[in-house]
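Engineer: Using the numbering used here, read the sequence shown as starting at 303 and increasing by one per residue.
Where a beta carbon is used, it is the ideal one built from N, C-alpha and C, also for glycine.
Keep in mind that this is a model prediction, so the values were computed, not measured.
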Amino acid sequence: MLLKPLKLCGVITFRVLFSWILLMALSTQSSAQSKKISGKVTSDDNEPLFGVTVFEKGTKTGASTDADGKFVLTVSNANATLSFRYVGYQSRDIPLNNRSTINLALKSLDNALNEIVVIGYGTTTRKDLTGSVGQVKMSDFEKAPVRSFDEALAGRIAGVQVSGADGQPGQTNNIVIRGAGSITQDNSPLYVVDGFPLEDANSNSISPADIESIDVLKDASATAIYGARGANGVIIITTKRGKAGEPVIAYSGYYGIQKNTKIIDLMSPYEFVKYQLELDPAAATIAYMKDGKTLEDYRNVKGLNFQDQIYRTAGMQNHDISIRGGADKTRYSISGNLIDQDGVILNSGFKRYQGRITLDQNVNPKLKIGANVNYSYSVSSGTIVKDASASQSASTNLLYAVWGYRPVTGTDKNLDDELFDPGFDYNVIADYRVNPVISAKNELRRNLTTALIANAYAEYKIIPSLTLRVTGGVTNTVLRNETFNNSLTQAGNFRNSNGVNGSVYDNPSTILLNENTLTYKKVFNKEHNLTVLGGYTVQGSKMARRGFNALNVPNESLGLDGLDESPSQIGTSLSSRSGLVSYLGRLNYNYKSKYYFTTSFRSDGSSKFAPGNRWGYFPSGAISWRMSAENFMKKLKFVSDAKLRLSYGETGNNRVGDFPYLDQITQPNSAGYSYGNGSPSKGAILTAFGNGTLKWETTKQLNIGYDLSLFKQRVDLTVDLYRKTTHDLLLLALLPYTTGLSDAYKNIGKMQNQGLEISLNTINIRSKEFSWSSNFNISFNQNKVLELAENQTSITSPVSFDQKWNALSPYIAVVGQPVGQLYGAIWDGVYQYEDFDKSPAGTYTLKANLPRNGNPTVQPGDIKYKDINGDGNVNASDFTVIGRGLPIHTGGLSNNFTYKGFDLNVFLQWSYGNDIVNANRMLFDGNGKQSRFFNQYASYADRWQPDNPSNTLFRTGGQGPFYYSSRVVEDGSYLRLKTVSLGYNFPAKIFKKANLKSLRVYASAQNIATWTNYSGPDPEVSVRNSTLTPGFDFSAYPRASTLIFGLNVSL
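#1: Which residues bound the alpha helix (DSSP H) around Glu453?
#2: Enumerate in chain order the residues of its own chain whose CB-to-CB distance from Gly617 is below 7 Å, with the five nearest sequence positions on each side excluded.
#3: Would you please state the rounded distance, in angstroms, between the beta carbons of Leu1034 and Gly1051? I believe it to be under 8 Å.
#4: Going straight from the alpha carbon of Ser507 to that of Asn639, what length do you get?
#5: How long is the line joining the alpha carbons of Ala1091 and Asp512, rounded to whole angstroms?
#6: For Ile1346, I'd like the list of residues in its chain whose CB is within less than 6 Å of its CB, leaving aside the five on either flank, ordered along the chain.
#7: With burial defined as no fewer than 16 other Cβ atoms inside 10 Å of the residue's Cβ, what is the status of Trp998: buried or exposed?
#8: Identify the continuous beta strand (DSSP E) that holds Phe574 and give its terminal residues.
#9: Name the DSSP beta bridge partners of Lys823, please?
#10: Between which two residues does the alpha helix (DSSP H) holding Asp610 run?
#11: Assuming Gly1187 contacts Gln1211 (C-beta within less than 8 Å), just tell me the rounded distance between them.
#12: When you compare the region 763-782 with the region 817-826, are there three or more beta-carbon pairs, one atom per stretch, that lie closer than 8 Å?
#13: Helix, strand or coil, according to DSSP, for Ala589 in the structure here?
#14: Output yes or no for whether 8 Å exceeds the beta carbon distance between Gly544 and Arg626.
#15: With which residues is Arg658 paired in a DSSP beta bridge?
#16: For Ile740, report the span of its alpha helix (DSSP H) as first-last.
#17: Taking 8 Å as the cut-off, decide whether the C-beta atoms of Phe903 and Thr874 are in contact.
#18: Taking only the alpha-carbon atoms, compute the straight-line gap between Gly364 and Thr355 and give it to the nearest angstrom.
#19: Pull up the distance between the alpha-carbon of Ser465 and that of Glu453, whole angstroms please.
#20: When you compare only the Cα positions, how much space is there between Leu581 and Gln656?
#21: Does DSSP put Ser1343 in a helix, in a strand, or in coil?
#22: Using 8 Å for Cβ pairs, my map puts Gln1238 next to Asp1227. What's the rounded Cβ distance?
#23: On the DSSP bridge assignment, give the partners of Ser843 in chain order.
#24: Are there 16 or more other CB atoms within 10 angstroms of the CB of Tyr838, so buried, or fewer, so exposed?
#25: Inspect the beta-carbon positions of Phe373 and Ser340 and report whether they are closer than 8 Å.
#26: Leu1356 and Val419 look like a contact to me (Cβ under 8 Å); what is the Cβ gap, rounded to whole Å?
#27: Can you list, in chain order, the stretches of the beta strand (DSSP E) that have 3 or more residues and sit fully within the region 1187-1217?
#28: When you compare the CB positions of Ser908 and Ser949, do they come within less than 8 Å of one another, or not?
#29: Quick one: using the 10 Å Cβ neighbour count with 16 as the cut-off for buried, is Trp1354 buried or exposed?
#30: Using the DSSP secondary-structure output, state which residues sit across from Gly1144 in a beta bridge.
#31: What three-state label does DSSP hand Lys1291 in the structure shown?
#32: Anyone know if the C-beta pair for Ile1128 and Gly1260 falls short of 8 Å?
#33: Please identify the residue among Leu790, Leu882, Asp943 and Thr901 whose C-alpha is closest to the C-alpha of Gly918.
#34: So who's on the other strand from Tyr897, going by DSSP bridges?
#35: Among Thr425, Pro499, Ile527 and Ala482, which residue has its Cα nearest to the Cα of Glu952?
#36: Taking contact to mean at least 3 C-beta pairs separated by less than 8 Å, is the region 1111-1124 in contact with the region 1327-1336?
Next up, the structure:
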């Protein structure tokens, strides 16, 4: 009920905002009638330029060119001066001199070479870059609309790997740049939004329509200016701001539908009953052979399949509206966004309401000030599809019930409306499944996020070459988690010891930041270009978590409002804070734009470490040679630009807790001691040792790059080779038993990533009416663990999946090998009759030269594993590496076509060489030992039987011990047709009478087709994702395919 008034409020707000924006736009237009000027603006190759800003210098009067390059403008007098500005072209100031018509051609800059690139605490051009920086073309957002910017990064930039745990609406993606540098700590990059560093940025808080550019800093020379937070790379997001000229009102919106891309084939009623008869003939005969029924009677029966009910065709809509404009001295931008996305699983979805205001003011020729405020409120909702709790059974996961429910009862009983399967004795069978559709409809799962990002700056030119910039800002985020499980849900029914239950938790966090920089920029003798930056920054952060769980709630009709009536409430209240003080400096020098040198240094002091280890020092240096500027290269006319780059630097990773150097002490409710006959006195216990010697994880990175542009920049090639080594990894080291604790964190490890990145951009065809361009990138990364703790050669990692497997570790990190390798037994097929000696009594004994699979007795049709150590019995000592969790290479290919007013974009994305643990198959591809009476995948119908000696699928009940094995390890490589988008830009003559500047309609489809050998729902999955445990699949929320129809209009 809460979302209905929110939705109504959002609609009203947008209508009021639109009306206000329109009035503001009309009020800002000049009413002067002194002289009417018209004209046309073209490029230097005589193509009309759309969107050129034309304004009378010194006033607020302005206009923009239409799709034909034409403009009309009324100026104050006949001798005014018109200014023409357009990104990628040289600006022009043209005196009217009493003319009424102005036609001119703007000269193109070196396009990609002079493209502005945002770096730490400044900007540069692409031709002057000495580091490795990737950039996303913002047109990609328009051609493939996305909910958040992280979705648009996938496959677009070499060296940037974007992965989501699954397809849950509203979830944020995991981004890793040039491989994971830490084994136990966070590997997420630092985000810098409009100059404001955010270590835990919420991508849902920013509308992609508000973003002007995204620059990804990859090598140490680019990231070292961020010191202790730069080891994982830096993503710099610059939002759109107002520009001089008449106000431009823009609207973009789309409606679309989403569908689940893959339905898993399950056993039919006939196959299921046959399976049950093999598993337990006596029980199955009683249950399914009533009233003279035979197995053949089930051959044409339509069975129950909850996939038909739990999945749905889901709608989605998105609306963005903005007004941007200004004059020479004042520029403004106001924008708002509304997104409403239903999930493809019942009772799941995502909503966001977001607004942004920016203001820039030139107070005088020396002083400029500005402010930026972004506010967002988002709600993600949905049933628990997967549960990461190690204490839970696999049956608490949604798809366990969706796939596992038996398709037929043996009677006419309809299970659709029953919470429990009435055919089971739940006092005997340890199964916690409930009807997944009823449970999903009755569960309350909400994450409500309120985020405010506000910052302001003042920039003062002390002298023309020296600028002081002072910025300050605050980020305030509150995440509220709400859950309520009534008696008709998986977690709240009467078979659950917690009964009806719920919880409410608030997680507020605040970051305060002040940055002060001095920039000196001077050109000496027109040959020596020098830029020197120095700065001081201070940041404070605090966070908290407060809330409670309520169990056995007596009145479920009140929902969350009835949690206070619970007789059993468990509260949580904690807080933490940290501070960071930094000094930074950078020097950029180039001689004749030919020889470049860059060096930077940052010193960070953090309260996260003990007083003796709080300061870290992070230097970097880079040189580059623009060889195309040499005389001997100028003879090669087909070479537009060629540059060699070399860089080295050190960065840090401070993604640790706020007080890791202090001992952790807790006061559990059960800890206490009674003195005499009195009440127990509260006690405290030591739960973790602190370590006063802890320091930063430090990454040292070497980068060699080459940039080549050919044929007037129709072919642009960038190649980077890198090696980054992380020292002083924070790992858990074993402690003596006498300490009472098993381990503690120490700086004791080392890991290396090295790789190759290739980006190729080409303009294949360019004519007056037709063009075709391509963007290709591919990244190779090799990871290697160099050192672990003393006398430690490997780390095994468990995955919380199910109680019977939680004690096993399907992943291993070995010194000299990549991290995140898959670990277990090697599957060797199925035992066949010829592997046994048959006695006269008809019993089978395994031949002496063949190993057992871990069970005391083995029968024909049982699963077989390789005996690595040759002791005749397969157990943990035979476990080995059975796959790799990290890909060999990833990449993307985009093709863009234009024909007259039409534009077509086709984008492919891939990953190659990584494997996935398909844990779904451990329960649904033959596991009668745990999944007795539950349905199985249709593939298991082809299992081993006396008349079908399959060597792929073992017999009913022949699954052997609970081992991870290569049987469920599958190739996770894929090639995905990610986006196909077709748009049409209407010619100016059609919408000119409506006073529109532009009008575009489009249709876009995403996740259209996937080519893969993976048998699971989706190869782009990792539900327990971490550096140590990549590529694990169990009960993942399906990734939807989408089809949307959209409109872009400006006036």
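Structural biologist: Quick answer:
#1: It spans Phe451 to Leu455 - the alpha helix (DSSP H) in which Glu453 sits, taken as one unbroken run.
#2: Ile559 and Asp644, listed in sequence order.
#3: Contact between Leu1034 and Gly1051 is absent: CB atoms are separated by about 10 Å, not below the 8 Å threshold.
#4: Each residue's Cα considered, the two are about 10 Å apart.
#5: Approximately 47 Å between the Cα atoms of the pair.
#6: Closer than 6 Å at Cβ, skipping near neighbours: Tyr556, Gly558 and Ser1306.
#7: Answer is buried; the Cβ neighbour count reaches 16.
#8: It is not in any beta strand (DSSP E) - Phe574 instead sits in the alpha helix (DSSP H) that spans Pro571 to Leu581.
#9: DSSP output for Lys823 lists Thr833 as bridge partner(s).
#10: Segment Gln609 to Ile612, the alpha helix (DSSP H) holding Asp610.
#11: No, Gly1187 and Gln1211 are not in contact; Cβ-Cβ is about 19 Å, not under 8 Å.
#12: The region 763-782 is in contact with the region 817-826.
#13: In this structure, Ala589 counts as helix in the three-state DSSP scheme.
#14: The criterion of a C-beta distance shorter than 8 Å is satisfied by Gly544 and Arg626.
#15: Arg658 is bridged to Ser637 and Asn676.
#16: Run containing Ile740: Pro738 to Asn744, per the alpha helix (DSSP H) assignment.
#17: No, these two residues do not count as a Cβ contact at 8 Å.
#18: When rounded, the distance between both Cα atoms is 7 Å.
#19: Between the C-alpha atoms of Ser465 and Glu453 there is a straight-line separation of about 9 Å.
#20: Each residue's Cα considered, the two are about 56 Å apart.
#21: Looking at Ser1343 - three-state DSSP - the assignment turns out to be strand.
#22: Their Cβ separation, rounded to whole angstroms, is 7 Å, which keeps Gln1238 and Asp1227 in contact under 8 Å.
#23: Its beta-bridge partners are Ile813 and Ser880.
#24: Answer is exposed; the Cβ neighbour count stays below 16.
#25: Yes, these two residues count as a Cβ contact at 8 Å.
#26: Here the chain comprises residues numbered 303 to 1353, so residue 1356 is not present and cannot be evaluated.
#27: You should have 1191-1201 and 1204-1214.
#28: Not closer than 8 Å, so no.
#29: Outside the displayed range of the chain (303 to 1353) lies residue 1354, so it cannot be described from this structure.
#30: When beta bridges are read from the DSSP output, Gly1144 appears opposite no residue.
#31: Helix, per DSSP.
#32: In this structure, the beta-carbon distance from Ile1128 to Gly1260 does not fall below 8 Å.
#33: Scanning Leu790, Leu882, Asp943 and Thr901 for the CA closest to the CA of Gly918 turns up Leu882.
#34: DSSP, once it has assigned bridges, lists Tyr893 and Trp927 as partnering Tyr897.
#35: Put simply, of Thr425, Pro499, Ile527 and Ala482 the residue whose alpha carbon is nearest the alpha carbon of Glu952 is Ile527.
#36: The region 1111-1124, when compared against the region 1327-1336, does touch it at the 8 Å Cβ threshold.
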